[in-house]
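S.K.: This is the structure, below, for whatever I ask next.
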Amino acid sequence: MGRQVCCISAGFSEHASKRSDVSMPELVNEAIQDCLKKVPSVSLDDIDAFANGNMPAFEGSNIPELWMTDWLGARNKPLMRITTGGTTGGSVAIGGYYNVAAGIPGIDTVLAIAFEQQSQGDTATGLASVALGEISILNNLGISYQQISRLLSAGAAIGVAAYQATTYMSKTGITEEDLARVVVQNRRNAAKTWWAHLKMPDLTIADVLDTPYVQYPLRYGMVCPASDGVCAMLFTTEEKAKDWADIPVYVNGVASVANETAVLGYNGSGSAQLDPSVQLGAMRSAQLAYSQAGISLPRKEIDYAEVYSPFPNQELMWVEKLGLFEEATAPQMYENGITALNGELPVNCSGGVNSTNAIGASAMERPAVAALQIMGKASNQVPKTVHTSIGSGWGGSLNLITLMAMSDEPKRKWR
Amino acid sequence: MSEKKMQRTERKTLAYIKKDYVKTRTMPASWYLSSYKFKFNITHMQPFLKKLKEKKLVANRCSGCNRIFYPPRFVCGACLLKPDRWVDIRQTANVSTYAIAFIKNPDTGETEEKPMVLLQHDGADTCFIAELNPNIETKGTYINMPIKAHWREERTGGLMDIEYYDKIEDDAEDID
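Those sequence lines, one after another, are chains A and B. The opening position of the first sequence corresponds to residue 9 in the working numbering, with each subsequent residue numbered one higher. The opening position of the second sequence corresponds to residue 314 in the working numbering, with each subsequent residue numbered one higher.
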């Protein structure tokens, strides 16, 4: 039996393509300050343990928490690092959750921090070092490096997303206009969020369709930016949360599901995922988290969703796979304004990953915004009362999915 | 107690430092990838690579789940068994999914459209990256398009012995 765990606060640093005014520890400290500002009765002394993580290799400086301890406020306290690629943030949040849920004596309050300062390093090199094992195998099998790099220009994150997009588009019969509509909604929402990166209040569908292709069917205007930014979440026990916060947000379900690697596969031996838009991992994670949280009808019970969507087609895919809409109906929902700020089921009102993508932090920003929406403290607050919300993550070696379901009532079922 | 806490929190803010230091300094650095060593097993690939020289395609099959892996796999991820049966598969394939890449040609400086496909060979259960015949129209690529392997004249026993994949109009004729 674990304990009920609450999220009582979440903080962000300002996101931009180049935060050249701060170093990495200073950037991390910004988010922690913002997180603690929202709960004035909590100070750094009250925090018992820390979980942190970022995407290694993207910045060129590995194990940054070693020289960041004081900036985190973690001196003489337990500190653990979790890193799972694109879902690092989601995994760090889940790590922070389990630290509290485990009921270890003396560890009641845990601060989870996910960060990324991408302007320090070269993302392409970082990705190459992730895939180098597979590339060297293919090299050995007779494909020249030049050829691989050409084939793999469709094989990095955007390549996988482009494959997903073509399959999804052919299955549902949607056009690029439907993809652009998702982008417009996200970027306009981002304009109302103080920490977001790409703020475009006047963006139109025509503007998005006017940009050149990066990779068919995704255009330059549709893809996520590379940001510098940090997100922090504060988890604590039910008893302490009631003292410290006005509306404690109960974390009722967490799931992290791994799936088979896409495109290249294990040892460069191909992938058994013939249809990249099926995403069994997302369905499984939804099943796990909802069963823990006692959500039997996600379509009716969930009031707000933050999904991890660097590319617009993924947003359409995830809302279907996470059970929020019927298969192949998501594009219509976006067209009819169901997912808008004042709609029935608002999605990504912070602008989503599509507008702000600090890779290590992105997957934590999703549950963080979902929690703030329940507290009523989000930057772009939805007008209706939010009782239940979810925040998802996607990444790893393009195959890991995290999900966190939260509510204003304790519903976690321990079996 | 609460005052003391507030003081502590205040002391940690960076505002007073930031007045003096508004910009960071950048130091460029680079790492060499060549000093890393990756170890992997290629023994299970040898029969496959030998057959490529003879214009034949083979794949291995897991006896646990009966899935057929092309290219061959060292271990079946679902059953954790070593796939040990070799089966012949056809030269024809289907486009499982595709994307169109826009790549700048370093010689001419022009942007070329190139369809990147994941293909599933007829008889195999996995898909793999491949190149299409450059003469195939980019816009003519579609999901489930039937294609066939085009072999190089001089084969060395590598995956690149298949130069590219040709489009076939009627797959009923090509399958013998």
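Ideal Cβ placement from N, Cα and C applies to all residues, glycine included.
What is the residue span of the beta strand (DSSP E) that B/K417 lies within?
M.R.: It spans 405-417 - the beta strand (DSSP E) in which B/K417 sits, taken as one unbroken run.
S.K.: Using 10 angstroms around the beta-carbon of A/F20, count the other beta-carbons present and answer buried if the total reaches 16, otherwise exposed.
M.R.: Per the 10 Å Cβ criterion, buried.
S.K.: Given a limit of 8 Å on CB to CB distance, which residues of the segment 21-37 of chain A reach chain B?
M.R.: Cβ contacts with chain B come from S28, D29, V30, S31, E34, N37.
S.K.: Could you tell me which residues DSSP puts in a beta bridge with B/P428?
M.R.: Bridge partners of B/P428: B/I413.
S.K.: For the candidate residues A/A386, A/N407, A/N388, A/Q381, whose alpha-carbon lies nearest to that of A/T396?
M.R.: Nearest C-alpha to A/T396: A/Q381.
S.K.: In the DSSP assignment, the alpha helix (DSSP H) including A/V327 goes from what residue to what residue?
M.R.: 320-329 is the span of the alpha helix (DSSP H), which, as asked, contains A/V327.
S.K.: Is it the case that the segment 348-364 of chain A contacts the segment 193-204 of chain A, given that we only count it when at least three CB pairs across the two stretches are under 8 Å?
M.R.: Contact holds: three or more Cβ-Cβ distances are below 8 Å.
S.K.: Mind checking A/S415: buried by the 16 CB within 10 Å criterion, or exposed?
M.R.: Buried, by the Cβ-count rule.
S.K.: For A/E268, which residues in chain B fall below 7 Å Cβ to Cβ?
M.R.: Result: G390.
S.K.: What span of residues does the alpha helix (DSSP H) with A/C43 cover, start to end?
M.R.: Unbroken alpha helix (DSSP H) run through A/C43: 32-45.
S.K.: Could you tell me whether the segment 128-136 of chain A touches the segment 75-82 of chain A, using the rule of 3 or more Cβ pairs below 8 Å?
M.R.: With a cut-off of 8 Å, the segment 75-82 of chain A and the segment 128-136 of chain A do not count as touching, because too few Cβ pairs lie within range.
S.K.: Report the rounded CA-to-CA distance for A/V36 versus A/I115, giving the unit in angstroms.
M.R.: So the alpha carbons of these two residues sit roughly 22 Å apart.
S.K.: Since B/P459 sits in a beta bridge, which residues does DSSP pair it with?
M.R.: B/P459 pairs with B/N407.
S.K.: Please list the residues of the segment 174-188 of chain A that have a C-beta atom closer than 8 Å to any C-beta atom in chain B, keeping them in chain order.
M.R.: Those residues of the segment 174-188 of chain A that come within reach of chain B (Cβ to Cβ, closer than 8 Å) are T174, T175, S178.
S.K.: Using a Cβ-Cβ cutoff of less than 8 Å, which residues in the same chain neighbour B/Y478 once the five nearest sequence positions on both sides are dropped?
M.R.: Excluding positions up to five away in sequence, the list reads A406, V430, L432, A443, E444, L445, N446, I460, K461, A462, H463.
S.K.: Assuming the contact rule is C-beta atoms closer than 8 Å, A/L330 and A/A378 should be a hit. Round their C-beta distance to whole Å, please.
M.R.: Going by Cβ atoms, the distance from A/L330 to A/A378 rounds to 12 Å, so no, they are not a contact pair.
S.K.: For B/K336, return the contacting residues in chain A, with the cut-off set at a CB-CB distance below 7 Å.
M.R.: Result: S28, D29.
S.K.: Could you give the DSSP three-state label for A/T96: helix, strand or coil?
M.R.: Reduced to three states, the DSSP call for A/T96 is helix.
S.K.: Within the same chain, show all residues whose beta-carbon is closer than 7 Å to that of A/E142, passing over the 5 residues directly before and after it, in chain order.
M.R.: So the qualifying residues of the chain are L272, G276.
S.K.: Please report the straight-line C-alpha distance between B/I381 and A/A109, rounded to a whole angstrom.
M.R.: C-alpha separation (whole angstroms): 43 Å.
S.K.: Judging by CA-CA distance, which residue of A/A338, A/M325, A/Y258, A/Q340 is the nearest neighbour of A/G302?
M.R.: It is A/Y258 whose Cα lies nearest to the Cα of A/G302.
S.K.: Cβ closer than 9 Å: which chain B residues qualify as neighbours of A/Q223?
M.R.: Those within 9 Å of A/Q223 in chain B are A412, I413, A414, F415, M429.
S.K.: Listing by chain order, which chain A residues have their CB less than 8 Å from the CB of B/G471?
M.R.: Within chain A, the residues near B/G471 are L149, G150, I151.
S.K.: When you compare the CB of B/C440 with every CB in chain A, is at least one pair closer than 8 Å?
M.R.: Yes - at least one Cβ of chain A is within 8 Å of the one on B/C440.
S.K.: Do A/T296 and A/G93 have their C-beta atoms closer together than 8 Å?
M.R.: In the sequence on display, residue 296 of chain A carries Leu and not Thr. Cβ atoms of A/L296 and A/G93: not closer than 8 Å.
S.K.: Check B/Q433 in the structure and name its three-state DSSP category.
M.R.: Here B/Q433 sits in strand by DSSP.
S.K.: Use the C-beta contact count for B/T439: other C-beta atoms within 10 angstroms, 16 or more gives buried, fewer gives exposed.
M.R.: Buried, by the Cβ-count rule.
S.K.: Could you check whether the Cβ of B/Y477 sits closer than 8 Å to any Cβ belonging to chain A?
M.R.: It does not; no Cβ of chain A falls within 8 Å.
S.K.: Could you tell me the distance, in whole angstroms, from the CA atom of A/E38 to the CA atom of A/V238?
M.R.: If I take the Cα positions, the gap works out to 8 Å.
S.K.: Considering Cα atoms alone, identify which of A/V138, A/A122, A/V216 is closest to B/F351.
M.R.: It is A/V138.
S.K.: Given a cut-off of 8 Å, decide if A/I310 and A/I398 are closer than it, judged by their beta-carbon atoms.
M.R.: Yes. Within cutoff.
S.K.: Enumerate, from N- to C-terminal direction, the unbroken alpha helix (DSSP H) stretches of 4 or more residues contained entirely within the segment 340-417 of chain A.
M.R.: Segments of the alpha helix (DSSP H) lying fully in the segment 340-417 of chain A: 360-363, 367-383.
S.K.: Considering only C-alpha positions, which residue in the set A/A313, A/L149, A/C14 is nearest to B/T469?
M.R.: Checked all of A/A313, A/L149, A/C14; the closest Cα to B/T469 is A/L149.
S.K.: Do A/A122 and A/A369 have their C-beta atoms closer together than 8 Å?
M.R.: Closer than 8 Å, so yes.
S.K.: Would you call the segment 211-226 of chain A in contact with the segment 342-355 of chain A, where contact means no fewer than 3 C-beta pairs closer than 8 Å?
M.R.: At 8 Å Cβ cutoff, the stretches do not touch.
S.K.: DSSP puts A/Q223 in a beta bridge; with which residues?
M.R.: Note: A/Q223 sits in a beta bridge opposite A/L226, B/A414.
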